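A short worksheet on the structure shown next.
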Amino acid sequence: MRLISSRHLVARAVKVQTRRLSTETAAFNGASTVELSHTAYIPKDGNATVKPLVILHGLFGSKRNWGSLCKALHRDLPDRPIYTLDLRNHGTSPHATPMTYSAMAADVFKFIQDKGLEDVSLLGHSMGGKAAMAYALHVSEAKLPPKFLSKLIVVDIAPSIGKLSPEFQQYISAMQHIEALEPGKINTRTDADKHLAAIEKDMSVRQFLLTNLKVPSHHPVTGHAHKAKFIVPLDILSKSMEDIGSFPFKYEEETGSSPVTWDGPTLAVKGGNSPYINHKNLPAFRAFFPNTRLSELQTGHWVHAEKPMEFKKLVVDFLNH
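With this note's numbering, the residue at position 10 of the sequence shown is 18, and numbering never jumps.
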């Protein structure tokens with residue numbers, strides 16, 4: 009009889025686990041992953057894994073944008089842990105290429121695995137909504153266990169392929185210009201705002217972009233000012249505009265179908281004054297996600313920021329039923 013030491017048993021278990029993780033990660037086109045920064049809101053009973061709500065922000069956003077709303081959701085969903093993530097190249101998460109939706113979805117999958125989350129509800133706004141949809145379709149395509157996704161909430165974005173509006177590249181160019189200025193030229197967000205105002209008249213948009221500005225400090229000995237710097241990698245984002253406008257799954261317009269679907273409960277929330285979900289891309293939305301319920305709030309693109317209480321109610325009602 010051959011005796012197997014505990015060390016060999018552990019090694020075998022690790023090998024099996026590694027093989028399983030490799031197989032599941034392959035569902036995301038073999039994308040290499042990064043460890044995402046996050047903020048957690050844990051119920052009083054300590055539940056950190058069962059029926060979590062995981063939230064993904066949009067382009068130029070971060071987990072910080074969702075802080076107030078998460079506190080409100082935490083009060084109304086007292087039994088659910090809530091996690092807000094910084095997607096790659098945003099917030100305090102690592103900078104990495106590629107900036108594709110398969111890569112972003114793989115990062116989210118790694119986070120969900122690492123935390124041992126089960127019966128996951130995933131909410132994404134704008135770019136984060138596309139990442140959430142890509143995640144759902146990759147999970148479905150690979151026939152991964154249903155614990156990895158139970159409900160999907162997509163906020164003001166569709167699973168469509170197209171070029172981003174030119175202003176996004178203009179934002180990046182203006183931010184790069186601010187970074188290129190000599191030390192001492194930009195000392196406050198107000199200084200930076202004056203430069204952004206030349207290309208963006210909406211103050212709320214400028215303030216949103218400037219949440220990424222690291223206000224320059226002064227050298228403790230010489231007193232010399234440092235350059236202004238944005239926490240997002242502008243070079244990577246600039247080269248990723250095509251990827252951010254794309255989507256990893258193709259809708260067959262001629263047949264009105266998709267080779268891959270995720271059939272779980274899906275809530276799509278449209279801003280009534282926003283063009284991102286429209287009659288042209290709704291067929292693709294329903295083809296990919298046949299169990300979709302569409303709700304509309306009279307807002308622009310930032311639905312959750314413009315009408316937080318109404319948005320919160322939609323989310324809570326959807327998750328509780």
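Beta carbons are placed, not taken as given, at the ideal position from N, Cα and C, and that holds for glycine. Here the structure is a predicted model, which is why all the values come from computation and not from measurement.
Integer-rounded CB distance, given that residue j should sit under 8 Å from residue i
i      : j      : result
VAL162 : MET141 : 6 Å
LEU145 : VAL268 : 5 Å
ILE63  : THR92  : 5 Å
ILE194 : LEU242 : The pair is not a contact, with the Cβ atoms about 15 Å apart (cut-off 8 Å).
LEU327 : LEU160 : About 11 Å; that fails the 8 Å criterion.
ASN289 : ALA166 : 4 Å
ILE169 : ALA236 : Going by Cβ atoms, the distance from ILE169 to ALA236 rounds to 35 Å, so no, they are not a contact pair.
ILE239 : MET107 : The Cβ separation is near 15 Å, so there is no contact.
LEU67  : LYS320 : So it is not a contact: roughly 23 Å between Cβ atoms.
LEU131 : GLY272 : Not confirmed; about 13 Å, so no contact.
LEU218 : ASP201 : 6 Å
Residues that DSSP places opposite residue i in a beta bridge
i      : result
ARG301 : LEU275
HIS46  : LEU93
SER265 : GLU260
VAL163 : HIS133, VAL277
ILE63  : THR92, LEU131
GLU126 : VAL58
Where residue i sits in the DSSP three-state scheme
i      : result
MET132 : The amino acid at residue 132 is misidentified as Met; the sequence shows Gly. Looking at GLY132 - three-state DSSP - the assignment turns out to be strand.
PHE293 : helix
HIS185 : helix
LYS235 : coil
SER212 : helix
GLU175 : helix
LYS288 : coil
LEU85  : coil
LEU145 : helix
LEU157 : coil
LEU77  : helix
LYS222 : strand
ALA150 : coil
THR198 : helix
LYS321 : helix
PHE119 : helix
HIS103 : coil
Cβ-based neighbour list, residue i, same chain, cut-off 6 Å, excluding 5 preceding and 5 following
i      : result
ALA48  : TYR91
ASP87  : PRO51
THR307 : GLY279, GLU314, LYS315
LYS118 : THR41
TYR143 : ALA113, VAL116
LEU29  : For LEU29, the pLDDT reaches just 44, beneath the cut-off of 50, and the residue's location in the model is therefore unreliable, although a value from the coordinates is still provided. None.
Residue i classed as buried or exposed, judged by whether at least 16 other C-beta atoms fall within 10 angstroms
i      : result
SER225 : exposed
PRO153 : exposed
HIS312 : buried
ILE205 : It should be pointed out that residue 205 corresponds to Ala in this sequence rather than to Ile. Looking at its Cβ environment, which holds fewer than 16 other Cβ atoms inside 10 Å, ALA205 is exposed.
MET211 : exposed
ASN97  : buried
PRO298 : exposed
HIS65  : buried
ASP94  : buried
THR274 : buried
ARG83  : exposed
SER265 : exposed
ALA139 : buried
ASP53  : exposed
LYS71  : buried
PRO174 : exposed
Residues of its chain near residue i, where Cβ-Cβ distance is below 7 Å and the 5 sequence neighbours each way are ignored
i      : result
VAL58  : GLU126, ASP127
SER148 : VAL268, THR269, TRP270
VAL223 : THR196, ARG197
GLU318 : LEU305
PHE36  : SER110, ALA113, ALA114, PHE117, HIS146
ARG294 : THR300
ILE252 : LEU67, MET107, MET135, LEU172
ARG214 : ASP201, LEU204, ALA205, GLU208
Proximal residues to residue i (C-beta, below 8 Å), its chain only, five neighbours per side dropped
i      : result
HIS309 : SER134, ASP164, GLY279, SER282, TYR284
ALA56  : ALA48, ILE50, PRO89, LYS123
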